[in-house]
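As structure tokens, the structure follows; a few thoughts come after it.
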Amino acid sequence: MEVKGDDYKVWYDPSEFTIYCQGSLRLAGTEEYAPIVQILEYVIDQAPQNVALNLSQLEFLNSSGINVLSKFVIKVRQKEKIKITVKGSEIIPWQGKSLKNLQRLMPALKLEWS
Numbered sequence: 051m052e053v054k055g056d057d058y059k060v061w062y063d064p065s066e067f068t069i070y071c072q073g074s075l076r077l078a079g080t081e082e083y084a085p086i087v088q089i090l091e092y093v094i095d096q097a098p099q100n101v102a103l104n105l106s107q108l109e110f111l112n113s114s115g116i117n118v119l120s121k122f123v124i125k126v127r128q129k130e131k132i133k134i135t136v137k138g139s140e141i142i143p144w145q146g147k148s149l150k151n152l153q154r155l156m157p158a159l160k161l162e163w164s
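Sequential numbering of the sequence shown, starting at 51, is according to the working numbering.
Okay, here's the thing in structure tokens:
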């Protein structure tokens, strides 16, 4: 599963149970994020024991995108059986605060920094 735009790419690798996001996500609102939401919901429906969200190459994410990720984390939390690890990069400014906020939504969420 993969969604590509001019300056971003989001895909799921089922062999690694990892969702990758890279580039710059500046989509306008819920409608434009719908294909990405489909990937996230597909992963939740598969109910893997562990899932990783690798954002270490995601240079920019607007507020609509942060909202999408927040809803994803809440849905994972509701499943209770899925453990999630979010991988971020210390050198990308928006990730520090925003990824810690995801941890507030789901205290069991594991953050890994590179």
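Built from N, CA and C at the ideal position, the CB exists for glycine as well. In this text the structure is predicted, and so the values were computed from the model without any measurement.
Under a three-way DSSP split, which group does residue i fall into?
i           : result
residue 138 : strand
residue 63  : strand
Return the first residue and the last residue of the alpha helix (DSSP H) that residue i is part of.
i           : result
residue 161 : Here residue 161 belongs to no alpha helix (DSSP H); instead the beta strand (DSSP E) covers 160-163.
residue 146 : 143-155
Are residue i and residue j closer than 8 Å when you measure CB to CB?
i           : j           : result
residue 77  : residue 70  : no
residue 152 : residue 118 : no
residue 58  : residue 75  : yes
residue 142 : residue 159 : no
residue 139 : residue 106 : yes
Can you tell me which of the options puts its alpha carbon nearest to the alpha carbon of residue i?
i           : options              : result
residue 98  : 59, 138, 126 and 75  : 126
residue 149 : 110, 93, 64 and 90   : 110
residue 156 : 141, 140, 53 and 131 : 131
residue 72  : 137, 154 and 101     : 137
Extract the residue ranges of the beta strand (DSSP E) inside the segment 74-136, only unbroken runs of 3 or more that lie entirely within it. 100-111
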